[in-house]
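In this text, residue positions in the sequence shown follow the numbering used here: the first is 119, and each later residue adds one. Cβ atoms here follow ideal geometry from the backbone N, Cα and C, with glycine treated the same way. Predicted, not measured: the structure shown is a model, and the values here were computed from it. First comes the structure, then the notes that go with it.
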Amino acid sequence: MSRVMILVFLVFNLTYCTYLNSSVISTFIY
Numbered sequence: 119m120s121r122v123m124i125l126v127f128l129v130f131n132l133t134y135c136t137y138l139n140s141s142v143i144s145t146f147i148y
């Protein structure tokens, strides 16, 4: 894999994790 692919993969994982965390937090709030 090239460095660009790894970078995109990391960014995607970060955004996905934050999205999951925000959804879980919202479910806890409601």
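CA-to-CA distance, residue j to residue i, given in whole angstroms
i, j, result
"Ser120", "Val129", "15 Å"
"Thr136", "Val142", "10 Å"
"Phe146", "Leu132", "21 Å"
"Thr123", "Ser144", "According to the sequence shown, residue 123 is Met rather than Thr. Answer to the nearest angstrom: the Cα atoms are 31 Å apart."
"Tyr134", "Phe127", "10 Å"
"Leu125", "Ser140", "23 Å"
Residue i (DSSP reduced to helix, strand or coil)
i, result
"Val120", "First, the amino acid is wrong: residue 120 is Ser here, not Val. Coil."
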